[in-house]
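By numbering that gives the first Met the number 0, the letter at position 85 of the sequence shown is numbered 84, and the numbering carries on one by one without gaps. A short write-up of the structure that comes next.
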Amino acid sequence: MSLNQAAWINAKGQPLSVSEAPMPRPGAGEILVRNRAIALNSFDGIVQTLGSMVTPWVSYPAILGSDVAGEVVVVGASVSRFKPGDRVLGLALGIDKIANRSVEGAFQKYVILRQEAATELPDSISFERAAVLPLAIATAACGLFLDDQLGLRAPSVQRSEPTGKTVLIWGGSTCVGSAAIQLAVAAGYEVVTTASPKNFDYVRGLGASYVFDYNDTDVVVTMAKHLADRDMAGALAIAVGSGASCIDVMSRCRGQRMVSMASSPLPINDAPLTRQFFWKLTRLPQLAAGFLGLAIRARVRGVATRAIWGTALMKGTLGKQIFNEFLGPALASGRLVPAPKPLVVGHSLEALPEALALLRRGVSASKVVVSL
Ligand SMILES: NC(=O)c1ccc[n+]([C@@H]2O[C@H](COP(=O)([O-])OP(=O)(O)OC[C@H]3O[C@@H](n4cnc5c(N)ncnc54)[C@H](OP(=O)(O)O)[C@@H]3O)[C@@H](O)[C@H]2O)c1
0 MSLNQAAWIN AKGQPLSVSE APMPRPGAGE ILVRNRAIAL NSFDGIVQTL
50 GSMVTPWVSY PAILGSDVAG EVVVVGASVS RFKPGDRVLG LALGIDKIAN
100 RSVEGAFQKY VILRQEAATE LPDSISFERA AVLPLAIATA ACGLFLDDQL
150 GLRAPSVQRS EPTGKTVLIW GGSTCVGSAA IQLAVAAGYE VVTTASPKNF
200 DYVRGLGASY VFDYNDTDVV VTMAKHLADR DMAGALAIAV GSGASCIDVM
250 SRCRGQRMVS MASSPLPIND APLTRQFFWK LTRLPQLAAG FLGLAIRARV
300 RGVATRAIWG TALMKGTLGK QIFNEFLGPA LASGRLVPAP KPLVVGHSLE
350 ALPEALALLR RGVSASKVVV SL
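Pasting the structure below:
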């Protein structure tokens with residue numbers, strides 16, 4: 000077996016540095032995967048710059064990254080779902096509190112996945128396309144299906160009976176939004192979403208029934224009028240600053256007046272790697288005011304809100320339900336497609352810093368991916 004290599008972060012606020020890594024050995028319920036594609040999330044950059052604030056538990060040196068697709072090399076004890084040679088995608092939990100160990104970080108050639116966070120991948124789907132899915136699917140599933148979030152009916156590979164209810168997914172062309180639209184439709188909900196006009200056809204293609212331009216100044220009023228006769232199942236607020244708009248829309252609707260929020264009220268992915276004093280001096284009070292403002296707005300308008308932690312589904316049975324029971328058959332049958340398209344920026348671990356920089360500058364209906 001060839002040597003493992005990883006893009007290490009040696010301490011908080013440090014650049015990534017590629018060097019040798021121990022070859023992980025899968026324990027019970029785990030699989031060792033030869034990583035073929037890694038997708039980048041804004042959270043990766045946020046942990047790199049603001050690790051002490053957002054993930055204070057991380058032990059360094061650490062290996063970041065959540066999204067992988069590759070081939071199973073070795074399976075641990077009591078693994079029955081997978082065998083060596085299988086193609087899989089999976090949610091890598093290295094920097095999550097439930098794992099906090101480098102062997103489970105995505106930014107390396109050989110990675111440990113938990114079998115309940117991995118899904119068999121049909122031959123027709125490339126590793127690069129598959130890698131866009133794990134954290135987006137997990138985050139969307141948390142917001143839509145966890146009991147303390149919107150608590151919607153579970154998705155089904157067979158067409159679900161329509162629930163007769165509508166869910167608002169703000170930010171349909173984001174990666175999380177693309178997953179959320181498809182999951183909500185597979186669960187039998189009508190989806191109303193937002194995107195820029197250039198992505199209207201894209202989100203409709205994923206199953207959204209109606210799409211509004213979030214750049215319109217009167218989008219909240221227009222959307223609320225459109226939803227007036229609907230029985231609402233709630234809203235998923237994806238994209239920085241979308242929480243306030245969702246609260247305002249939901250306060251004018253019938254049904255479950257609840258907003259599950261994936262994003263902060265102001266950006267936190269633009270902190271510099273070093274010399275953060277002035278960024279923190281200005282942004283942290285603004286963020287505190289933004290969160291307080293959201294809480295007051297929700298209270299005054301009679302709307303419940305919850306923040307989403309995208310890996311929370313792994314604590315109960317939802318993770319297994321999504322990754323082991325729903326996603327594989329859904330991908331094989333075309334019920335769910337990997338979306339958005341991958342934007343492959345390099346073919347080695349050395350490309351990860353450039354990939355993170357590109358993601359910080361912003362993308363539209365695409366996911367930054369590095370293939371290996
Ligand atoms: N809580 C968690 O655990 C968790 C996990 C993952 C992600 N997130 C958060 O979820 C958000 C989405 O992440 P992602 O990786 O899916 O994003 P992404 O794909 O990188 O987002 C790019 C998309 O954002 C859309 N967008 C930008 N501003 C918008 C707005 N005001 N309203 C609606 N859409 C807007 C753009 O749409 P157009 O091009 O159509 O204009 C673009 O397609 C981020 O804030 C991320 O930090 C949270």
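The C-beta atom is built at its ideal place from N, Cα and C for all residues, glycine as well.
- Relative to the non-hydrogen atoms of ligand 1, the Cβ of W308 comes within a distance shorter than 7 Å of at least one.
- Pairing V67 with L90, the inter-Cα distance amounts to about 7 Å.
- Here V190 carries a strand assignment [DSSP, helix/strand/coil].
- For W7, the distance from the CB to the nearest heavy atom of ligand 1 is not below 7 Å.
- For T273, the distance from the CB to the nearest heavy atom of ligand 1 is not below 7 Å.
- Its chain contains Q181 and A329 as the residues whose beta carbon lies nearer than 6 Å to that of L335, once the 5 sequence neighbours on both sides are disregarded; these appear in chain order.
- For L120, no alpha helix (DSSP H) segment is defined, and its DSSP state is neither H nor E.
- A distance below 8 Å separates the beta carbons of P341 and V131.
- Here the alpha carbons of T192 and G171 stand approximately 5 Å from one another.
- The DSSP-derived three-state label of T304 is strand.
- For L226, the enclosing alpha helix (DSSP H) begins and ends at V218 to L226.
- Within the chosen limit of 7 Å, ligand 1 reaches the beta carbon of T173 through at least one heavy atom.
- Under the three-pair Cβ rule at 8 Å, the region 152 to 163 does not count as touching the region 238 to 251.
- In this structure, the straight-line span from the alpha carbon of L291 to that of I30 is close to 43 Å.
- Inside the region 209 to 273, DSSP marks whole alpha helix (DSSP H) runs of 4 or more residues at positions 218 to 226 and 241 to 249, from first to last along the chain.
- Residues of the same chain with a CB within less than 6 Å of the CB of A38, apart from the 5 flanking positions on each side, are D66, A130, V131, K366 and V368 in chain order.
- For R86, the uninterrupted beta strand (DSSP E) run begins and ends at R86 to L90, by DSSP.
- For L2 and E19, the gap between their C-alpha atoms comes out near 7 Å.
- Listed in chain order, the non-local C-beta contacts of F81 below 8 Å within the same chain comprise I30, V71, V74, V87, Q114, A117 and E119, local neighbours out to five positions each way being set aside.
- The DSSP assignment places complete alpha helix (DSSP H) segments of no fewer than 4 residues inside the region 282 to 340 at 326 to 332, in order along the chain.
- Taking all protein chains shown into account, I97 has fewer than 16 neighbouring C-beta atoms within 10 Å of its C-beta and is therefore exposed.
- Boundaries of the alpha helix (DSSP H) around V53: S41 to V53.
- Approximately 41 Å separates the beta-carbon atoms of D228 and R359; this is outside 8 Å, ruling out the contact.
- Taking 7 Å as the cut-off, the C-beta of S155 does not count as close to any heavy atom of ligand 1.
- Between G254 and A232, the C-beta gap is smaller than 8 Å, which places the two residues in contact.
- Remark: the C-beta of S41 is in contact range of ligand 1, defined as less than 7 Å to any heavy atom.
- The Cβ atoms of L280 and L265 do not sit closer than 8 Å to each other.
- Contact between the region 160 to 169 and the region 190 to 208 is present: three or more C-beta pairs spanning the two stretches fall below 8 Å.
- For S259, the shortest C-beta to heavy atom distance toward ligand 1 is 7 Å or greater.
- By the neighbour-count criterion, in which a residue is buried when 16 or more other Cβ atoms sit within 10 angstroms of its Cβ, S79 is exposed.
- In this structure, DSSP gives N34 an extended state, which the three-state scheme calls strand.
- Distances taken from the Cβ of V248 to the heavy atoms of ligand 1 include none shorter than 7 Å.
- Rounded to the nearest angstrom, the gap between the Cα atoms of A311 and F277 is 33 Å.
- For S370, DSSP records a beta bridge to A36.
- CA-to-CA, the gap between I8 and G104 works out to about 11 Å.
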